[in-house]
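See below for the structure under consideration.
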Amino acid sequence: MFGMSANYDGCLSVYKDMKLHGVKPNMVTYSTLLYAMGRAKWSWEAKAIYEDMINNGFSPNWATYAALLQAYSRARFGEDALGIYNEMKDKGMDLNAFLYNMLLDMCADVGYIDEAVEIFEDMKNCRTCQPDIISFSSMINMYSRALKVSEAEAMLNEMVARGFEPNIFVMTSLIHCYGKAKRTDDVVKIFNQLLDSGFIPDDRFCGCLLYVMTQTPKEGLPKITDCVQKANPKLGSVVRFLVEKRKGDGYFRKEATQLLNSVSAEVKKSLCNSLIDLCVNLNMSDKACDLLHLGQNLRIYRTIQSRSERQWSLYIKRLSHGAARIALHVWINDLSKAVESGEELPPLVGINTGIGNHKSDKGLASAFESHLKELNAPFHEASDNAGWLVTTNVEAKSWLQSRGSTQKLVL
C-alpha cells in the first residue's frame with residue numbers, strides 16, 4: 001500500500017516495525033520494499049534490505065534484481081548497479097528494455113563509456129528486446145558529453161538506419177557535442193535544420209545553446225548569438241549586451257531579471273550558471289558578480305554561504321566552473337572585510353566542493369582545488385568529512401592579511 005502511494009517513509013517504517021516485533025518479511029514484501037527504495041533513490045536502505053533478505057535465507061529472483069538495479073541506477077551507484085547486471089547475466093536472466101535503458105542512462109551520467117558499449121551490444125543480442133529510441137539517445141548523449149564526436153555521429157547513423165527519427169533530445173546532445181568540439185558551423189547547421197522543420201525551441205534547448213556559447217571561441221560568438229536571438233529574444237538581448245560589451249548596468253540587471261523570471265524553474269540555475277561562465281570568458285567580472293547576486297536574490301542559488309559560531313562555509317556544488325570562481329571571490333572579499341573590521345572569524349573556515357557520482361561534480365572539485373593552489377590558499381582536504389576543504393581561522397586570517405584589502409577579481 002505504502003509503496004503504491006509513494007509513501008516511502010511509510011514502507012520503511014512498516015519494515016522496521018516488523019523487524020522490531022520479530023516478524024520476518026516474505027519474498028513479496030522484500031521485493032516491494034526494494035522497489036520502493038529504488039523509486040525513492042534510497043540505495044543504502046535498499047542494500048541493507050537486500051542483505052537482510054539474504055541473511056533470512058531467501059534467494060534473489062528476477063524481481064529482486066530488477067528492483068536493486070533500479071535503486072542503484074537511479075542513485076548513480078555505478079559499481080553496485082554493474083555488479084547486479086553482471087550477476088543477472090551470469091545466472092542467465094534477461095533484462096527488459098526498461099532496465100537496459102536505465103543502465104545506459106546511468107552510464108552516460110557517470111561517464112562509464114566502455115561499460116555502456118558492452119551493455120548496448122548485449123542489448124542488441126538480447127532475445128527479449130532491442131535498442132529503442134531511448135537507448136540510442138542515451139548512447140549519443142554519453143558520447144557527446146565525452147566529446148567523442150565520431151562515435152556520436154556513428155551512433156546517430158545506426159539509429160537512423162534502424163528506422164528511428166532523431167528526437168529533440170538527440171539533436172540537443174549533438175549541438176552540445178559540436179559546441180564543446182568548437183565546431184560552430186555544425187551547431188548553426190543543426191539549429192537551422194530544426195527551425196526549418198517547425199521546431200519551437202523550449203527553455204532547455206535555449207539553455208543548451210547558451211552553454212555552447214561558453215565553449216565557443218570569440219570569433220564564433222556572433223554566429224551562436226544569432227541562433228540564441230532566434231530561439232529566445234529575451235535571452236538574445238542579454239547575450240548581445242554581454243558579447244557586444246554594451247554600457248548600462250541598470251538595463252542589464254533589468255533584462256537579466258526579466259529573463260530569469262520568465263524561464264522554467266528546472267533550467268534557471270543552469271541558465272544563470274552559463275551566463276556567469278560567459279561573463280568570465282569575456283573578462284566581465286562585474287557582470288558575473290551581478291548575476292551571482294541576482295541568482296541569490298531570486299532564490300536560484302539558495303545556499304552559497306553559511307555562517308555559524310563554529311564555521312564560515314562556502315558551498316559550490318552544482319555551480320559551474322565560472323560561477324564557483326565568482327562565488328569564491330565574493331566569499332574571500334566577505335572574509336577580508338570581516339578581518340579588516342576586526343571581527344573574529346569562526347574556528348573553522350571551509351569550502352564544500354560536494355561529493356557525487358556525477359562526472360561534472362568530480363571535475364569541478366578538481367579544478368577548484370587547482371585554483372585554490374594558484375591563490376596559495378591554506379585549505380586542505382578534511383580527513384573526517386569528504387568533499388570539504390578546510391582551514392583554521394588563524395591560517396585564514398594570516399592568508400587574507402597577506403593578500404591585502406579586498407581585491408577586484410582578475411579572470
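Quick note on numbering: full-length UniProt numbering labels position 110 of the sequence shown as 110, and the sequence is numbered without any gaps. Glycine included, every Cβ here is placed at the ideal spot set by N, Cα and C.
Secondary structure at residue 22: coil, using DSSP grouped into helix, strand and coil. In the assembly as shown, residue 43 is a buried residue. Its beta-carbon has 16 or more other beta-carbons within 10 Å. Pairing residue 175 with residue 209 gives a Cβ-Cβ distance under 9 Å. In the structure shown, the three-state DSSP call for residue 350 is strand. Taking all protein chains in view, the Cβ of residue 308 is surrounded by fewer than 16 other Cβ atoms within 10 Å, so the residue is classified as exposed. In summary, residue 247 is exposed, with fewer than 16 beta-carbon neighbours lying within 10 Å of its beta-carbon over all protein chains present. Excluding five sequence positions before and after residue 269, the CB atoms of its chain that fall closer than 8 Å to its own CB belong to 295, 300, 301 and 318, given in chain order. Straight through space, the alpha carbons of residue 392 and residue 401 are spaced by roughly 14 Å.
Following the DSSP letters along the chain, one finds residue 388 inside the beta strand (DSSP E) bounded by residues 388-392. According to the DSSP assignment, residue 285 belongs to no beta strand (DSSP E) but to the alpha helix (DSSP H) extending over 285-297.
Apart from sequence neighbours up to five positions away, the residues of its chain that approach residue 50 with a beta-carbon distance below 7 Å are 34 and 68, ordered along the chain. If you draw a straight line from the Cα of residue 372 to the Cα of residue 379, it is about 8 Å long. With respect to the C-alpha of residue 276, the residue from 286, 323 and 374 having the closest C-alpha is 323. In the DSSP annotation of this structure, the continuous segment of the beta strand (DSSP E) that includes residue 313 starts and ends at 311-315.
Linking residue 376 to residue 386 through their CA atoms gives a straight-line distance of about 21 Å.
Remark: C-beta atoms of residue 321 and residue 368 approach each other more closely than 9 Å. As DSSP reads the structure, residue 305 sits in a beta bridge with 314. Contact between residue 46 and residue 37 holds: their C-beta atoms lie close to 4 Å from each other, under 8 Å. Per DSSP, the continuous alpha helix (DSSP H) segment holding residue 215 begins and ends at 203-215. When the five nearest sequence neighbours on each side are left out, the beta carbons in the same chain lying within less than 7 Å of the beta carbon of residue 214 are those of 274, 277, 278 and 281, in order along the chain.
Per DSSP, the beta-bridge partners of residue 381 are 389. With respect to the 9 Å criterion, residue 134 and residue 101 are classified as neighbours on the basis of their beta carbons. Nearest to residue 95 by C-alpha distance, out of 127, 72, 80 and 114, is 127. DSSP, read as helix, strand or coil, puts residue 182 in coil. The three-state reading of DSSP puts residue 126 in coil, since its state is none of H, G, I, E or B. Ranking 250, 327 and 194 by CA distance to the CA of residue 227 puts 194 first.
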